[in-house]
Amino acid sequence: MSILGPFIFAAYVLIPMYFATLEDKEEKIVVVIDESMLFTEYGTEGPTCVLPETEYTKFRIIEGVSLESYQQGFDETGYYAVLYIPENILASESSILYSTRQISIDVTNHIKRAMEEELEHLKLATHDIHNIEEILMQVETSIHVRNIKWTKGGETEESNTGVVMGVGYLAGLLIFFFIFFFGSQVMRGVIEEKTSRIIEVIVSSVRPFQLMMGKIVGVGLTGLTQFVIWIVFSLVLIGGIRTAFFPELNQNPTQQVVSSDLFSPGPAGSGEEVPTRGEMADEPVTGEEMNKGEEMNMAEEIFASLQAIDPLVMIGSFLFFFLFGYLLYAAMFAVIGSAVDNETDTQQLMWPVILPLILAIYVMISAINNPDGSLAFWFSVIPFTSPVVMMVRIPFGVPWWEVILSGSLLVGTFLGMTWVAGKVYRTGILMYGKKNSYREIWKWLRYSS
Amino acid sequence: MSILTAQEVVKDFRGHRALDRVSMEVPHASIYGLLGPNGAGKTTLLRIINQITAPDEGSIFFEGHHMGREDTARIGYLPEERGLYKKMKVGELALYLAQLKGLSRSDAMKRLSIWFEKFELGAWWSKKVEELSKGMAQKVQFITTVIHEPRLLIFDEPFSGFDPINVNLLKREILQMKNNGATIIFSTHNMASVEELCDHITLINEAETILQGEITSIRENYRTSKYRVTFTGDQGKLSRGLRDCFELEQVDQNGMGQQATIRIKEGYGSQDLIRNLLDITNIKAFYEVLPSMNDIFIQAVTEHE
């Protein structure tokens, strides 16, 4: 399970995505009634439609048949839909697709784009400018903005914000799942001991507090081991892919800029000259770099960014916040387990415990866009939400005093919670048949003291 | 010298008092019975002795000193509700529980093999607990209770759920342990076992002790001057020849022959009855019938309420 875990997780995410992108393989024939005559061409085999076809979507111009006649018995015709283009299409900018079936959104979008492009061509043509299409292609510009962070050491590192967000997001989610998963394992263990009645035997040999802590620590270690295996696995994977496919990443980013974008042929292959960096005095430009011609593509950038996120800080803080976040929640889960007689009764008691975690996930979504804002700050410091939210902020870089503050609050709350939990646990594990409610638990707490 | 003394123990649960100034003295190397109707407070008292719950008032002394956490290593407790970790392997669980009591792993292994063989559980060592039948699981639990050779054993309803063969097995083990110097306290409804095994008893009803002491003296206190005669000869002759001061309650025919149960009225003694019987029948056996613990139990409880 520990080894397969990441694969299974990836599958859960990727397989649905794959299914979503699969195109419907049915051949769809769309009849076009083109009253504007702007989309019809006359060739040797009769009228054809100008609109580009896809592998599965085809157009057919049929003249002389009215729209209304298609409505009767449309299903027998075998056509997918009827595209009606009115005469005044340029002015109205509206056409209609008719069918007895619900028309696929892909088809609608394809038709929309194809028609837009065609009409744009026509409109351009009316302006009567020589070579207008070519000019447009040359003018088209695509700028790529890279993010680079200045580090304390006077160096630069790649820091694509998208990547950082992704990592933060993943970290936050992982913490959420780990805490939830292992916390409920503790709860289930407590319940099992209660229902199997072995609790009496154990408690005649050890103090309830020892039993509770033993269980929490034991499950926690399992979680930690699992996590360490995953980390090692992922690092090896990333490292392997990096050396196999992107060995150039050892270059200084600025040199990469010089060697790539400006020296590759521009999209239009125009004869015009783009001022080269080499003509400006500063940077030494060697022949090699000029001929590099490789674009710094997206994947390389991603890997460089990943490298830049200090793994020690990431892993260290992940372990810390997972550990203490888990310990805090595990104590609460132990309390719930001791208060009920079976697993189904846990539902009502779980809500207040789970709520902060879910809240943290929502905050995470906002914090990821604004990691230094006050919302993100407060929720990364309040102990119940901090494990998730702080982990989201860490890839962006967090002032060390904030991390210390958050960490100490978390540890303090954990200690307090364990003390409370111990008292409730001691009473709860030997009580059967009582109503499950927080009022009952409160009574046990006072009773214990 | 008592191995265990409970002094004026009081335990309240919200709304009702479970134990009301209960005191008990358990002598060394005795078998002590804790009796009482359901809900009387027996399990509560046993839990307090085992330090699972604490008394509100009163104290427990073990071997002369205030009972503390360290003493749990010298006590073995078998609770009424049997329970084991279902998904664990039998052997692993037994080892774990033995080590919990302070045994080293190798020590535990050695002793467990002996016990498992004695109880014929050897084949189940590697199986999961949930695969055991109820009786086997109880045997396993019994083993884990006694494995560390505790000085004091506490069994809460040990015979419930056992078939007669296992009941016998348990009785033998209890007697064996007593011979080895251990003290055993057990609570039960099985009055026959009380008669067979116990030296002392305490009878609790509604949070109070209503009867306490050595079994023989208690039974003597409750004696009703009944005697049983195993005889041969004519039954009619016996009943006709019996003096008025002797009441013939019933005559049974069983494997030992004919048995007459006779009650002696106030003022007369067993010697008088024997003299009477010598004239009217052939005596094969003659003994006093002490009331059964069952009868005493019922009588004491009903009188108390």
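Here the protein sequences come in this chain order: A and B.
With the working numbering, the residue at position 268 of the first sequence is 268, and numbering never jumps.
With the working numbering, the residue at position 90 of the second sequence is 539, and numbering never jumps.
For glycine and all other residues, C-beta sits at the position ideal for the given N, C-alpha and C.
Those residues which DSSP pairs with residue i across a bridge
{"i": "A/K28", "result": "A/T57"}
{"i": "B/T710", "result": "B/R677 and B/Q699"}
{"i": "B/A478", "result": "The partner list for B/A478 (beta bridge, DSSP) is empty, contrary to what the question assumes."}
{"i": "B/T658", "result": "B/I653"}
{"i": "B/H515", "result": "B/F510"}
{"i": "B/D605", "result": "B/S636"}
{"i": "A/L97", "result": "A/L83"}
{"i": "B/C694", "result": "Note: B/C694 sits in no beta bridge, so no partner."}
{"i": "B/N731", "result": "B/T681"}
{"i": "B/M473", "result": "B/A455"}
{"i": "B/V738", "result": "B/K675"}
{"i": "B/L527", "result": "B/F604"}
{"i": "B/E663", "result": "B/H649"}
Residue-level contact to chain A via CB, residue i, 8 angstroms cutoff
{"i": "B/Y526", "result": "yes"}
{"i": "B/T751", "result": "no"}
{"i": "B/E493", "result": "Checking the displayed sequence, the identity of residue 493 of chain B turns out to be Thr instead of Glu. No - not a single Cβ of chain A is within 8 angstroms of the one on B/T493."}
{"i": "B/A455", "result": "no"}
{"i": "B/K577", "result": "no"}
{"i": "B/R466", "result": "no"}
{"i": "B/S451", "result": "no"}
{"i": "B/K714", "result": "no"}
{"i": "B/T521", "result": "yes"}
{"i": "B/K460", "result": "no"}
Beta carbon proximity, residue i to chain B, threshold 8 angstroms
{"i": "A/R197", "result": "yes"}
{"i": "A/N252", "result": "Residue placement at A/N252 cannot be trusted, given a pLDDT of 49 that sits under 50; the coordinates are not used to answer."}
{"i": "A/E200", "result": "yes"}
{"i": "A/W444", "result": "no"}
{"i": "A/E295", "result": "With a pLDDT of only 45 at A/E295, under the threshold of 50, the placement of this residue in the model should not be trusted, and no figure is reported."}
Closer than 7 angstroms at the beta carbon, the chain B residues around residue i
{"i": "A/V203", "result": "I501"}
Where residue i meets chain B, residues with beta-carbon distance less than 9 angstroms
{"i": "A/V186", "result": "What A/V186 touches in chain B: nothing, since even the nearest Cβ is about 15 angstroms away."}
Contact under 8 angstroms by Cβ, residue i with residue j
{"i": "B/E606", "j": "B/S636", "result": "yes"}
{"i": "A/V190", "j": "A/S338", "result": "yes"}
{"i": "B/G525", "j": "B/L602", "result": "yes"}
{"i": "B/R554", "j": "B/L544", "result": "yes"}
{"i": "B/G507", "j": "B/E474", "result": "no"}
{"i": "A/T57", "j": "A/V32", "result": "no"}
{"i": "B/G485", "j": "B/N670", "result": "no"}
{"i": "B/E657", "j": "B/D469", "result": "yes"}
{"i": "B/M640", "j": "B/S479", "result": "no"}
{"i": "A/S509", "j": "B/G532", "result": "Here chain A comprises residues numbered 1 to 449, so residue 509 of chain A is not present and cannot be evaluated."}
{"i": "B/W573", "j": "B/M585", "result": "yes"}
{"i": "A/D466", "j": "A/I111", "result": "Given that chain A is displayed from residue 1 to residue 449, the structure contains no residue 466 of chain A and the question cannot be resolved."}
{"i": "B/I745", "j": "B/I667", "result": "yes"}
{"i": "A/S408", "j": "A/S380", "result": "no"}
{"i": "B/T730", "j": "B/G682", "result": "yes"}
{"i": "A/M417", "j": "A/A331", "result": "yes"}
Beta-carbon neighbours of residue i, restricted to chain A and to distances below 8 angstroms
{"i": "B/K550", "result": "S205"}
{"i": "B/K535", "result": "E192 and S196"}
Minimum Cβ-Cβ distance from residue i to chain D less than 8 angstroms
{"i": "B/G532", "result": "Reference to chain D is not applicable here, since the protein chains of this structure are A and B."}
Residue i beta carbon near the ligand GTP (any heavy atom closer than 7 angstroms)
{"i": "B/D469", "result": "Here there are no bound small molecules, and the ligand GTP is not part of this structure."}
Discussion item. What are the residues in the region 340-354 of chain A lying within 9 angstroms of chain B by C-beta distance?
Written reply: none
Worksheet item: For the region 410-432 of chain A, which residues have a beta carbon sitting closer than 8 angstroms to at least one beta carbon of chain B?
Response: L430
Worksheet item: Between the region 588-604 of chain B and chain A, which residues of the former have CB atoms less than 7 angstroms from a CB of the latter, in chain order?
Response: none
Practice prompt. With 8 angstroms as the limit, tell me which residues of the region 540-565 of chain B have their beta carbon closer than that to any beta carbon of chain A; keep them in chain order.
Written response: L546, L549 and K550
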